[in-house]
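Trainee: Got a structure for you, written out below as structure tokens; questions coming shortly.
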Amino acid sequence: MDRIRIVGGQPLKGRIPISGAKNATLPLMIASLLTDEPLVLENVPRLADVALLQRILGNHGVDVMVGGKRPGDGEYDGQTLHISAKRIVDTTAPYDLVSRMRASFWVIAPLVARMGEAKVSLPGGCAIGTRPVDLLLMALRQLGADIEIDGGYVLARAPHGLRGGEIVFPKVTVSGTHTALMGAVLAKGATVIENAACEPEIADVADCLVKMGARIKGAGTPRIEIEGVARLDGTRHRVLADRIETGTYAMAVAMTGGDVMLDGARPELLQAALDVLVEAGVEIAATNEGLRVQRNGAGIAPVTVTTAPFPGFPTDLQAQLMALMTRAKGTSRITETIFENRFMHVQELARFGADIRLDGETATIAGVPRLKGAPVMATDLRASVSLVIAALAAEGETLVNRVYHLDRGFERLEDKLSACGAEIERISG
Numbered sequence: 001m002d003r004i005r006i007v008g009g010q011p012l013k014g015r016i017p018i019s020g021a022k023n024a025t026l027p028l029m030i031a032s033l034l035t036d037e038p039l040v041l042e043n044v045p046r047l048a049d050v051a052l053l054q055r056i057l058g059n060h061g062v063d064v065m066v067g068g069k070r071p072g073d074g075e076y077d078g079q080t081l082h083i084s085a086k087r088i089v090d091t092t093a094p095y096d097l098v099s100r101m102r103a104s105f106w107v108i109a110p111l112v113a114r115m116g117e118a119k120v121s122l123p124g125g126c127a128i129g130t131r132p133v134d135l136l137l138m139a140l141r142q143l144g145a146d147i148e149i150d151g152g153y154v155l156a157r158a159p160h161g162l163r164g165g166e167i168v169f170p171k172v173t174v175s176g177t178h179t180a181l182m183g184a185v186l187a188k189g190a191t192v193i194e195n196a197a198c199e200p201e202i203a204d205v206a207d208c209l210v211k212m213g214a215r216i217k218g219a220g221t222p223r224i225e226i227e228g229v230a231r232l233d234g235t236r237h238r239v240l241a242d243r244i245e246t247g248t249y250a251m252a253v254a255m256t257g258g259d260v261m262l263d264g265a266r267p268e269l270l271q272a273a274l275d276v277l278v279e280a281g282v283e284i285a286a287t288n289e290g291l292r293v294q295r296n297g298a299g300i301a302p303v304t305v306t307t308a309p310f311p312g313f314p315t316d317l318q319a320q321l322m323a324l325m326t327r328a329k330g331t332s333r334i335t336e337t338i339f340e341n342r343f344m345h346v347q348e349l350a351r352f353g354a355d356i357r358l359d360g361e362t363a364t365i366a367g368v369p370r371l372k373g374a375p376v377m378a379t380d381l382r383a384s385v386s387l388v389i390a391a392l393a394a395e396g397e398t399l400v401n402r403v404y405h406l407d408r409g410f411e412r413l414e415d416k417l418s419a420c421g422a423e424i425e426r427i428s429g
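Start counting the sequence shown at 1; every next residue gets the next number (the UniProt record's numbering).
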């Protein structure tokens, strides 16, 4: 099991290239199941979850070819995946694969839409609360699928194809919206999705589907209208920049002080988080190259934040903000409304000397003058990177254990940070 060793106290200065968004890449790869023609995805990040999804798609008969290096490619340029689902040979997604990554459950929608049937194991993934799939199954039922659960598997059938319908989500769900979208594009007739998730990754997947011949209006708003088509074509699509990686590195710079250009970052994808950082005393400037983040001399001001669906403050940046607020001059409050059980990083941050009290879904963080390095353990993907942010500003050495969580969502994190002056290295074994 790899570990990451960090000696804190170095300001970050330089450039960090922002990778393609993991949360768009995974559903885009799954969308390849909707067509028998090749889908070419550019700017795909090199992540453990991407490699795992390649294996899952391969189990269905999908061929995935990774493009080689091209002239002018930089060290951190994303991969190009050539994905061909010409013949789907198996409509079962087995437990041993799906249990390792929740997003792989989404294959259920394109499989039943194109093949008329799917048998998919109930999911696993990050240990954040229950995160049920009931809204995904409700969406497929509204599109005419017959759903039953047997032996830990969901069996979905639509032997005569899916048909358009009205899907009204009782709460905003990203996974439900992806599922509904992928089912509806090949359904007969019109579909309306109400209370749809507005996340930029939903709009990115919809953009790709439209290039493939889908008829979609309103993606990125709470009401999406889809007119089903008989078949989709292949296309070429570039994955949008990762707003969570952008916010994570912006908070790392805020924590250590310094001056970093986040190359390729798009501020409109995370304006709520950037507004919070400005309130905390960080200087942020958008340029034609990306985002410049600076904190020189001024201390960190406390903030009060509640996570919310897009365009609100993202739950996927909550742990990172909490790490930053451990050093604020005053008391901060962070309320988590999206996932229950998403404060598992609190006890690990306390090992650095952080002063955090929990009351239900609200954490109260009293800033402390210094953090001290400690051995800590990653509990889930976003929590693990909050420990790295704390370690970058802590006195002495920190060892972060279980870094496989980091590799699921951050491409070459230690390389990107060390290039900006951080004392950070991966220890194998």
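Heads up, the beta-carbon is just placed ideally off N, CA and C, and yes, glycines get one too.
Let me confirm a value: G297 is counted as buried when at least 16 other C-beta atoms fall within 10 Å, else exposed. Which label applies?
Mentor: Within the sequence shown, numbered from 1, the residue matching residue 297 stands at position 297. Label assigned to G297: exposed.
Trainee: Could you name the residues of the same chain whose beta carbon sits closer than 6 angstroms to that of I224, not counting the 5 residues immediately before and after it, in chain order?
Mentor: In the sequence shown, the residue the question calls residue 224 occupies position 224. Closer than 6 angstroms at the Cβ level, and outside the excluded window around I224, lie I193, A196 and G218.
Trainee: When you compare the CB positions of A383 and M344, do they come within less than 8 angstroms of one another, or not?
Mentor: Counted from its first residue, the sequence shown places residue 383 at position 383. Counted from its first residue, the sequence shown places residue 344 at position 344. Going by C-beta atoms, A383 is nearer than 8 angstroms to M344.
Trainee: Taking just the CA atoms, how far does S428 sit from Q318?
Mentor: What you label residue 318 is simply residue 318 of the sequence shown in a count that begins at 1. What you label residue 428 is simply residue 428 of the sequence shown in a count that begins at 1. Taking the straight line joining both Cα atoms gives about 29 angstroms.
Trainee: Buried or exposed: E201, going by 16 or more other Cβ atoms within 10 Å of its Cβ?
Mentor: As a working mapping, residue 201 is identified with position 201 in the sequence shown. Label assigned to E201: buried.
Trainee: Looking only at its chain, what residues have a beta carbon closer than 7 angstroms to the beta carbon of M377, apart from the 5 residues adjacent to it on each side?
Mentor: Within the sequence shown, numbered from 1, the residue matching residue 377 stands at position 377. Hits under 7 angstroms: E348, N401 and R402.
Trainee: If the criterion is Cβ atoms closer than 8 angstroms, does the pair E279 and A301 meet it?
Mentor: The residue you call residue 279 lines up with position 279 of the sequence shown. The residue you call residue 301 lines up with position 301 of the sequence shown. Yes. Within cutoff.
Trainee: Bridge partners for P17 per DSSP, in chain order?
Mentor: Position 17 of the sequence shown holds residue 17. The partner list for P17 (beta bridge, DSSP) reads D263.
Trainee: Can you find the residues in the same chain that come closer than 6 angstroms, C-beta to C-beta, to D259, ignoring five residues on each side of it along the sequence?
Mentor: Within the sequence shown, residue 259 is the residue found at index 259, counting from 1. For D259, where only same-chain residues beyond five positions count, the Cβ hits under 6 angstroms are K13 and Q294.
Trainee: When DSSP labels each residue in this structure, what does R215 get in the three-state scheme?
Mentor: Reading the sequence shown from its first residue, position 215 is the one you call residue 215. Here R215 sits in strand by DSSP.
Trainee: Straight-line CA distance for K211 to T235?
Mentor: Position 211 of the sequence shown, counted from the start, is the residue given in the question as residue 211. Position 235 of the sequence shown, counted from the start, is the residue given in the question as residue 235. So the alpha carbons of these two residues sit roughly 6 angstroms apart.
Trainee: Kindly indicate which residue of G421, K416, R412 and M29 has the alpha-carbon position closest to the one of L47.
Mentor: Position 47 of the sequence shown, counting from 1, holds the residue named residue 47. L47 has its Cα closest to that of R412, out of G421, K416, R412 and M29.
Trainee: Using the rule of at least 16 other Cβ atoms within 10 Å of the residue's Cβ for burial, across every protein chain shown, is I128 buried or exposed?
Mentor: Position 128 of the sequence shown, counting from 1, holds the residue named residue 128. Its pLDDT being 42, under 50, I128 is placed unreliably in this model, and the value from its coordinates should be taken loosely. By the neighbour-count rule (16 or more Cβ atoms within 10 Å), I128 is buried.
Trainee: Compute the Euclidean distance between the alpha carbons of residue 443 and A21, then round it to the nearest angstrom.
Mentor: Outside the shown range of the chain (1 to 429) lies residue 443, about which nothing can therefore be said.
Trainee: On the criterion of 16 or more Cβ atoms from any shown chain inside 10 Å, does F410 qualify as buried, or is it exposed?
Mentor: Taking the first residue of the sequence shown as 1, we reach residue 410 at position 410. When all chains shown are included, F410 counts as buried.
Trainee: Could you check where the alpha helix (DSSP H) with V385 kicks off and where it finishes?
Mentor: Along the sequence shown, read from residue 1 onward, the residue named residue 385 stands at position 385. Note, V385: alpha helix (DSSP H), L381 to A393.
Trainee: Short of 6 angstroms in beta carbon distance, which residues of its chain neighbour G125, apart from the five on each side in sequence? Order them along the chain.
Mentor: Here residue 125 refers to the residue found at position 125 of the sequence shown. For G125, the predicted model reports a pLDDT of 49, less than 50, meaning its position is unreliable and no value from the coordinates is stated.
Trainee: From what residue to what residue does the beta strand (DSSP E) around K119 run?
Mentor: On the sequence shown, position 119 is the one that residue 119 refers to. E117 to S121 is the extent of the beta strand (DSSP E) around K119.
Trainee: Using DSSP's beta-bridge definition, name the partner residues of S332.
Mentor: On the sequence shown, position 332 is the one that residue 332 refers to. In DSSP, S332 forms a bridge with I365.
Trainee: In the structure shown, what three-state DSSP assignment does K372 receive?
Mentor: Taking the sequence shown and counting its residues from 1, one reaches residue 372 at position 372. Three-state result, K372: strand.
Trainee: Count the other CB atoms within 10 Å of the CB of H160; is the residue buried (16 or more) or exposed (fewer)?
Mentor: Mapped onto the sequence shown, residue 160 falls at position 160. Answer is exposed; the Cβ neighbour count stays below 16.
Trainee: Distance check for I147 and R141, CA to CA, integer angstroms please.
Mentor: To locate residue 141, count along the sequence shown from 1; it is residue 141. To locate residue 147, count along the sequence shown from 1; it is residue 147. Going from the Cα of R141 to the Cα of I147 covers about 7 angstroms.
Trainee: So, using beta-carbon positions, are V98 and V120 closer together than 8 angstroms?
Mentor: Residue numbering aside, residue 98 sits at position 98 when the sequence shown is read from its first letter. Residue numbering aside, residue 120 sits at position 120 when the sequence shown is read from its first letter. Going by C-beta atoms, V98 is nearer than 8 angstroms to V120.
Trainee: With a cut-off of 8 angstroms on the beta carbons, I'd call L162 and L143 a contact; round off their distance for me.
Mentor: Position 162 of the sequence shown holds residue 162. Position 143 of the sequence shown holds residue 143. Their Cβ separation, rounded to whole angstroms, is 4 angstroms, which keeps L162 and L143 in contact under 8 angstroms.
Trainee: Would you mind sorting K416 into buried or exposed? The rule is 16 or more other CB atoms within 10 Å of its CB.
Mentor: What you label residue 416 is simply residue 416 of the sequence shown in a count that begins at 1. Burial call: buried.
Trainee: Give the range of the beta strand (DSSP E) segment to which I88 is assigned.
Mentor: Reading the sequence shown from its first residue, position 88 is the one you call residue 88. Neither: I88 is in no beta strand (DSSP E) and is coded neither H nor E.
Trainee: Suppose only complete runs of 3+ residues qualify. What are the beta strand (DSSP E) ranges in the region 132-194, listed by chain order?
Mentor: Here the runs fully enclosed are 146-150, 153-157, 166-168 and 190-194.
Trainee: Who are the near neighbours of D204 in its chain, counting only those whose CB is closer than 6 angstroms to its CB and skipping five residues on each side?
Mentor: For the purposes of this step, residue 204 is taken as residue 204 along the sequence shown, with counting starting at 1. Cβ neighbours of D204 beyond the five flanking positions: A24 and L240.
Trainee: So for G125, helix, strand or coil by DSSP?
Mentor: By 1-based counting over the sequence shown, the position of residue 125 is 125. Low local confidence applies: a pLDDT of 49 at G125 is under 50, so the model's placement there is unreliable, with the coordinate-based value given in what follows. It is coil, neither helix nor strand.
Trainee: Is the beta carbon of V168 less than 8 angstroms from the beta carbon of I108?
Mentor: For this step, residue 168 is matched to residue 168 along the sequence shown. For this step, residue 108 is matched to residue 108 along the sequence shown. Against a cut-off of 8 angstroms, the Cβ pair of I108 and V168 comes out as no contact.
Trainee: In whole angstroms, give me the CA-to-CA distance for L291 and R70.
Mentor: Position 291 of the sequence shown, counted from the start, is the residue given in the question as residue 291. Position 70 of the sequence shown, counted from the start, is the residue given in the question as residue 70. Those two C-alpha atoms are separated by around 26 angstroms.
Trainee: Are the Cβ atoms of V62 and L33 separated by less than 8 angstroms?
Mentor: Taking the first residue of the sequence shown as 1, we reach residue 62 at position 62. Taking the first residue of the sequence shown as 1, we reach residue 33 at position 33. In this structure, L33 lies closer than 8 angstroms to V62 by Cβ.
Trainee: Candidates I356, P17 and H405: which alpha carbon is nearest D380's?
Mentor: The sequence position of residue 380 within the sequence shown is 380, counting from 1. For D380, the nearest C-alpha among the options comes from H405.
Trainee: Does the beta-carbon of Q10, which I'm using as the reference point, lie nearer than 7 angstroms to any heavy atom of the ligand NAP?
Mentor: You won't find the ligand NAP in this model; it holds no ligand whatsoever.
Trainee: Using only alpha-carbon positions, find the residue among D316, A422 and R370 that is nearest to I244.
Mentor: Counted from its first residue, the sequence shown places residue 244 at position 244. Of the listed residues, the one whose Cα sits closest to I244 is D316.
Trainee: Between the beta-carbon of K188 and the beta-carbon of G164, is there less than 8 angstroms?
Mentor: In the sequence shown, residue 188 corresponds to position 188, counting from 1. In the sequence shown, residue 164 corresponds to position 164, counting from 1. In this structure, G164 lies closer than 8 angstroms to K188 by Cβ.
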